[in-house]
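**Q** If you count by full-length UniProt numbering, then the sequence shown holds residues 1 to 280, one letter each, in order. Dropping a structure here in structure tokens format, bear with me for questions.
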Amino acid sequence: MCQIILTSFCPFISSHLSGKLSVDENVQTYRDLEEKYSSFFGPESGGHWKPKDCLPQSKVAIIVPYRDRDVHLRLFLNHMHEFLRKQLIEYAIYIIEEVPMIPFNRAILMNIGYKEAIKDNDWDCFVFHDVDLVPEDDRNLYHCPYYPRHMSSNVNTFGYVLPYKEILGGVTAISKEHFEKVNGFSNSYFGWGGEDDDFAERVLLHNLKIIRYPDYISRYFMLAHKKDVPSKQRFNLLESAKKRFKTDGLNSLQYRIESKVYQRLFSWILVSFDYPIKID
Ligand code: NGS
1 MCQIILTSFC PFISSHLSGK LSVDENVQTY RDLEEKYSSF FGPESGGHWK PKDCLPQSKV
61 AIIVPYRDRD VHLRLFLNHM HEFLRKQLIE YAIYIIEEVP MIPFNRAILM NIGYKEAIKD
121 NDWDCFVFHD VDLVPEDDRN LYHCPYYPRH MSSNVNTFGY VLPYKEILGG VTAISKEHFE
181 KVNGFSNSYF GWGGEDDDFA ERVLLHNLKI IRYPDYISRY FMLAHKKDVP SKQRFNLLES
241 AKKRFKTDGL NSLQYRIESK VYQRLFSWIL VSFDYPIKID
């Protein structure tokens with residue numbers, strides 16, 4: 001006799017949520033972390049998890065641009081796996097690392113993370129996430145509403161106040177459809193700053209709004225780090241942002257995969273790309 005198994009959708013708001021969270025700043029070894037989460041993730045699962053007893057309502061790829069922040073990564077993984085599982089979504093964590101030698105380009109790394117993640121699964125939602133930010137309230141749901149959401153609007157280091165209205169850096173959730181529509185991030189911002197403002201401009205130019213959770217939910221804890229030196233080109237680039245968005249982004253992205261490993265707690269992708277040195 002054929003058996004029909006009916007599985008229902010997971011609740012949009014999971015009963016496992018508890019509200020305000022504390023951040024564990026004890027740095028654990030990768031071995032201890034893998035051991036802690038071994039019942040949820042297989043050895044090569046790439047940090048990909050989904051609920052067993054219900055159908056998740058969102059499929060979310062967490063894309064983390066990364067270089068040289070080993071302690072942050074360990075704190076981040078510990079916090080995020082606990083946090084995300086409780087939300088009963090399907091998710092995976094992608095760590096996109098840039099090789100040394102060229103200036104850090106956060107935006108290219110996020111574009112690459114997007115391109116690589118869609119090869120693995122039919123993700124419908126992307127959360128672009130700095131490794132040094134962890135959410136302090138689990139009612140901060142990691143899914144994609146209709147409009148892009150700036151998630152990290154209240155960060156401890158800014159006194160839990162939004163620094164400026166159009167800020168879209170730190171942690172941002174955007175649907176696959178809208179990320180494609182705005183042509184992803186610009187690939188031109190090498191060094192610190194501006195790439196997130198450029199992205200905000202793209203979003204607004206496409207008649208999309210930037211939405212946010214209420215202040216008491218969108219609270220993030222920033223892990224301590226030295227501030228990077230701001231890039232000198234960022235203001236010139238921002239001035240031409242409107243002219244570039246159609247030709248500078250997902251459709252012009254070029255990169256090389258140096259290594260790709262599906263580890264237990266995350267998918268690790270080491271990448272390189274050309275750094276255009278301008279001779280004046
Ligand atoms: C702005 C930067 C953004 C940056 C934001 C917050 O000034 O890229 O500060 O930075 N824009 C420009 O430099 C044009 S934070 O202090 O959080 O690292 O995201």
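Glycine included, every Cβ here is placed at the ideal spot set by N, Cα and C.
Do A200 and F126 have their CB atoms nearer than 8 angstroms?
**A** For the purposes of this step, residue 200 is taken as the residue at position 200 of the sequence shown. For the purposes of this step, residue 126 is taken as the residue at position 126 of the sequence shown. No.
**Q** My understanding is that N111 touches F185, with C-beta atoms under 8 angstroms, so please give their C-beta distance in whole angstroms.
**A** Start at 1 with the first residue of the sequence shown, and residue 111 comes out as number 111. Start at 1 with the first residue of the sequence shown, and residue 185 comes out as number 185. Yes, N111 and F185 are in contact; Cβ-Cβ is about 5 angstroms, under 8 angstroms.
**Q** Nearest to F245 by CA position, among D228, K181, R212, is which residue?
**A** Here residue 245 is taken as the residue at index 245 of the sequence shown, counted from 1. Selected option, being the one with the closest Cα: K181.
**Q** Return the CA-CA distance between T157 and N187, expressed in angstroms with no decimal places.
**A** As a working mapping, residue 157 is identified with position 157 in the sequence shown. As a working mapping, residue 187 is identified with position 187 in the sequence shown. Each residue's alpha carbon lies about 28 angstroms from the other.
**Q** Going straight from the alpha carbon of Y255 to that of F76, what length do you get?
**A** By one-based count along the sequence shown, residue 255 stands at place 255. By one-based count along the sequence shown, residue 76 stands at place 76. In a straight line, the C-alpha of Y255 is about 26 angstroms away from that of F76.
**Q** Can you tell me whether R31 is buried or exposed? The criterion is at least 16 other CB atoms within 10 Å of its CB, across all chains shown.
**A** Residue numbering aside, residue 31 sits at position 31 when the sequence shown is read from its first letter. Burial call: exposed.
**Q** Hey, out of P51, H143, R69, whose CA is closest to H225's CA?
**A** Against the sequence shown, residue 225 aligns to sequence position 225. Of the listed residues, the one whose Cα sits closest to H225 is R69.
**Q** With the cut-off set at 8 angstroms, would you say K50 and D122 are in Cβ contact?
**A** For the purposes of this step, residue 50 is identified with residue 50 of the sequence shown, where counting begins at 1. For the purposes of this step, residue 122 is identified with residue 122 of the sequence shown, where counting begins at 1. It is not a contact, given that the beta carbons lie outside the stated cut-off.
**Q** Use the C-beta contact count for N105: other C-beta atoms within 10 angstroms, 16 or more gives buried, fewer gives exposed.
**A** Locating residue 105 in the sequence shown gives position 105, where the first residue counts as 1. Buried: at least 16 other Cβ atoms inside 10 Å.
**Q** Check the DSSP bridge columns for W192 and list the partner residues they point to.
**A** Counting from 1 along the sequence shown, the entry for residue 192 is found at position 192. DSSP output for W192 lists P230 as bridge partner(s).
**Q** How long is the line joining the alpha carbons of D280 and M101, rounded to whole angstroms?
**A** Here residue 280 refers to the residue found at position 280 of the sequence shown. Here residue 101 refers to the residue found at position 101 of the sequence shown. Low per-residue confidence applies at D280: pLDDT is 37, beneath 50, and the placement is therefore not dependable enough to give any value.
**Q** With a threshold of 6 angstroms on Cβ separation, who are the neighbours of E82 within its own chain once the five nearest residues in sequence on each side are excluded?
**A** For the purposes of this step, residue 82 is identified with residue 82 of the sequence shown, where counting begins at 1. Contacts found: none.
**Q** Hey, could you find the ends of the alpha helix (DSSP H) H129 is sitting in?
**A** Here residue 129 refers to the residue found at position 129 of the sequence shown. Element bounds for H129: not the alpha helix (DSSP H) but the beta strand (DSSP E), 125 to 129.
**Q** What is the residue span of the alpha helix (DSSP H) that Y114 lies within?
**A** Sequence index remark: in the sequence shown, residue 114 carries index 114 (1-based). It spans 106 to 120 - the alpha helix (DSSP H) in which Y114 sits, taken as one unbroken run.
**Q** Pick out whichever of P276, G47, Y94, I118 has its Cα sitting closest to the Cα of K176.
**A** Start at 1 with the first residue of the sequence shown, and residue 176 comes out as number 176. Of the candidates P276, G47, Y94, I118, the one whose C-alpha sits nearest the C-alpha of K176 is I118.
**Q** Going by C-alpha to C-alpha distance, which of R219, Y37, L205, A107 sits closest to P135?
**A** Counted from its first residue, the sequence shown places residue 135 at position 135. The candidate whose alpha carbon is nearest that of P135 is R219.
**Q** Can G194 and L238 be called in contact, C-beta distance under 8 angstroms?
**A** Translated into the one-based positions of the sequence shown, residue 194 becomes position 194. Translated into the one-based positions of the sequence shown, residue 238 becomes position 238. Their beta carbons are under 8 angstroms apart, which means G194 touches L238 by this criterion.
**Q** Measure the beta-carbon distance from E90 to L270 and round it to whole angstroms, keeping in mind my assumption that it falls under 8 angstroms.
**A** In the sequence shown, the residue the question calls residue 90 occupies position 90. In the sequence shown, the residue the question calls residue 270 occupies position 270. Contact doesn't hold; Cβ gap of about 25 angstroms is too wide.
**Q** Quick one, which of C144, I210, F9 has its alpha-carbon nearest Y164's?
**A** Position 164 of the sequence shown holds residue 164. Ranking the options by Cα distance to Y164, first place goes to I210.
**Q** Can you name the start and end residues of the beta strand (DSSP E) that E97 belongs to?
**A** Stepping through the sequence shown from its first residue, residue 97 is reached at position 97. Start and end: 90 to 98.
**Q** Between which two residues does the alpha helix (DSSP H) containing E258 stretch?
**A** Here residue 258 corresponds to residue number 258 of the sequence shown, with the count starting at 1. Careful: E258 lies outside any alpha helix (DSSP H), inside the beta strand (DSSP E) at 256 to 262.
**Q** Could you check how far apart the C-beta atoms of D137 and K20 are, in whole angstroms? I think they sit under 8 angstroms.
**A** On the sequence shown, residue 137 is found 137 positions in, with the first residue counted as 1. On the sequence shown, residue 20 is found 20 positions in, with the first residue counted as 1. Confirmed, Cβ separation roughly 5 angstroms.
**Q** For a quick check, are the C-beta atoms of S231 and F179 less than 8 angstroms apart?
**A** Counted from its first residue, the sequence shown places residue 231 at position 231. Counted from its first residue, the sequence shown places residue 179 at position 179. The answer is no: Cβ separation not under 8 angstroms.
**Q** What's the call for S15, buried or exposed, on a 16-neighbour Cβ count within 10 Å?
**A** Indexing the sequence shown from 1 puts residue 15 at position 15. Exposed, because fewer than 16 other Cβ atoms sit within 10 Å of the Cβ of S15.
**Q** Going by alpha carbons, who is nearest to D215 out of I93, S152, D53, T172?
**A** Locating residue 215 in the sequence shown gives position 215, counting from the first residue. Taking only the C-alpha atoms, the option nearest D215 is S152.
**Q** Going along the chain, which unbroken runs of the beta strand (DSSP E) with 3 or more residues stay wholly within the UniProt domain "Galactosyltransferase C-terminal" (149 to 226)?
**A** For the UniProt domain "Galactosyltransferase C-terminal" (149 to 226), whole beta strand (DSSP E) runs of length 3 or above, ordered along the chain, are 171 to 175, 219 to 222.
**Q** Among residues of its own chain, excluding the 5 on either side of F266, which ones have a beta-carbon nearer than 6 angstroms to its beta-carbon?
**A** Position 266 of the sequence shown holds residue 266. Once the five neighbours on either side are set aside, the close Cβ partners of F266 are G47, I93, I95.
**Q** Kindly identify the DSSP beta-bridge partner or partners of L270.
**A** Within the sequence shown, numbered from 1, the residue matching residue 270 stands at position 270. DSSP lists E97, S259 as partners of L270.
**Q** Using a Cβ-Cβ distance cut-off of 8 angstroms, determine whether E180 contacts chain D.
**A** No chain D is present in this structure, which holds just one protein chain.
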